[in-house]
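S.K.: The structure is given below, and queries will be raised subsequently.
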Amino acid sequence: MKEAHLVTVGTSILSNASRRGLVGAECRDAIERLLRGEEVKLSKECRDEIYQALVSSPYQLSAELNAMKGFLEGEAVVDIVRLYATDTPAGRLAAELLQRYLADRGVRVVEVETIPNLGKNFWEGIINLVKRVASDVKKLKATHLVYLNPTGGFKPETAAAIMAASMAGAHAVYYIHEYMRTPVSLPILPVKPDTELMKSYINTLKEIIRRQCREGGIARIPLDMVGSMASVLHAAAAAGPVEVEHGVARIDCKHLIHLKGYLDALMEAATE
0 MKEAHLVTVG TSILSNASRR GLVGAECRDA IERLLRGEEV KLSKECRDEI
50 YQALVSSPYQ LSAELNAMKG FLEGEAVVDI VRLYATDTPA GRLAAELLQR
100 YLADRGVRVV EVETIPNLGK NFWEGIINLV KRVASDVKKL KATHLVYLNP
150 TGGFKPETAA AIMAASMAGA HAVYYIHEYM RTPVSLPILP VKPDTELMKS
200 YINTLKEIIR RQCREGGIAR IPLDMVGSMA SVLHAAAAAG PVEVEHGVAR
250 IDCKHLIHLK GYLDALMEAA TE
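Residue 242 in numbering that gives the first Met the number 0 sits at position 243 of the sequence shown; the count goes up by one each step and never skips.
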């Protein structure tokens with residue numbers, strides 16, 4: 000069966016090309032500015048320098064390709080690759096370089112998907128990544144073995160992408176082991192959450208937000224009303240601080256809104 004690979008993209012190509020002196024001084028300066036978050040228009044010559052460095056040492060420069068090496072050089076048919084780029088100039092450039100390399104390697108379809116606010120706004124980026132991963136898994140799994148490669152990017156995004164892929168029915172996940180520095184592949188067991196419990200969490204948050212968060216601020220929830228909401232409040236505590244005073248839990252409304260958005264995205268991922 001043909002394979003589809005969903006890949007979160009970091010900036011290892013750029014940082015390695017710069018740090019190892021594989022590009023000229025002017026290009027290296029532009030890369031460093033880009034990695035600092037500046038809007039930099041790289042010349043065609045600089046882009047070509049980076050790309051030639053990538054072609055000469057793909058698995059040394061790119062963490063994403065290093066994880067994919069066994070698939071790209073084995074007997075597997077890597078038919079589709081979706082590259083999830085952060086919503087940053089450096090993230091988009093890294094994804095475009097990977098797209099060019101994989102297309103030149105003969106992968107039939109290589110697409111870059113810039114995830115809105117990923118790398119700019121934590122919760123909005125995570126929510127959008129969960130939605131995109133789940134949607135792509137559902138669309139592709141009927142015709143392809145769907146693999147998730149979350150090597151690139153940060154650990155919270157990795158955890159969210161794996162959760163979404165598990166709920167949507169991906170085949171396996173693989174990445175570079177942090178200490179052994181070798182690819183590790185793990186089968187994904189289908190994750191089916193208690194949807195009724197999730198609905199109760201979502202409805203609870205929705206009601207609190209409707210009543211107390213129309214203009215932002217702090218939601219106040221009497222502890223004697225918590226009951227089954229304990230897990231919801233625990234999750235909100237992970238999103239931001241929860242203060243308890245005189246029998247009332249005080250939670251920043253923006254954390255509740257972000258948490259509800261995340262649970263909505265996971266609920267959608269779990270629904271066929």
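C-beta atoms are modelled at their ideal positions from N, C-alpha and C, and glycine is treated no differently.
Since we're looking at a predicted model, the values are computed, not measured.
My output table needs one value for residue 81: the three-state DSSP class, helix, strand or coil.
M.R.: Reduced to three states, the DSSP call for residue 81 is strand.
S.K.: Grouping DSSP H, G and I as helix and E and B as strand, with all else coil, what is residue 195?
M.R.: If DSSP states are grouped into helix, strand and coil, residue 195 belongs with the helices.
S.K.: Here's the rule I'm using: 16 or more other beta-carbon atoms within 10 Å means buried, otherwise exposed. How should residue 65 be labelled?
M.R.: By the neighbour-count rule (16 or more Cβ atoms within 10 Å), residue 65 is buried.
S.K.: Go ahead and pull the three-state DSSP assignment for residue 170.
M.R.: Residue state, collapsed to three classes: coil.
S.K.: Excluding the 5 residues preceding and the 5 following residue 216 in the sequence, name in chain order all residues of the same chain whose CB lies nearer than 6 Å to its CB.
M.R.: The answer, listed in chain order, is 252.
S.K.: Would you say residue 63 touches the ligand NAP, meaning its beta carbon is less than 7 Å from a heavy atom?
M.R.: In the structure shown, the ligand NAP is absent, as is every other ligand, since no ligand is present at all.
S.K.: DSSP three-state call for residue 128: helix, strand or coil?
M.R.: Residue state, collapsed to three classes: helix.
S.K.: Along the alpha helix (DSSP H) that carries residue 2, what are the first and last residues, could you check?
M.R.: Here residue 2 belongs to no alpha helix (DSSP H); instead the beta strand (DSSP E) covers 2-7.
S.K.: Decide if residue 149 is buried, meaning its Cβ has at least 16 other Cβ atoms within 10 Å, or exposed.
M.R.: Residue 149 comes out buried.
S.K.: State yes or no: is the C-beta of residue 109 within less than 8 Å of the C-beta of residue 145?
M.R.: Not in contact: residue 109 and residue 145 (Cβ atoms no closer than 8 Å).
S.K.: Please look up how many angstroms separate the CB atoms of residue 117 and residue 85, rounded, as I've assumed it's under 8 Å.
M.R.: Right, their Cβ atoms sit about 5 Å apart.
S.K.: Check whether the Cβ atoms of residue 207 and residue 156 lie closer than 8 Å to each other.
M.R.: No, the Cβ-Cβ distance between residue 207 and residue 156 is not below 8 Å.
S.K.: Starting from residue 53, follow the beta strand (DSSP E) in both directions and report where the run begins and ends.
M.R.: Note, residue 53: premise wrong, no beta strand (DSSP E); alpha helix (DSSP H) at 43-55.
S.K.: With residue 184 as the anchor, note down where its beta strand (DSSP E) starts and where it stops.
M.R.: Element bounds for residue 184: 182-186.
S.K.: Give the DSSP-derived three-state secondary structure of residue 111 in the structure shown.
M.R.: If DSSP states are grouped into helix, strand and coil, residue 111 belongs with the strands.
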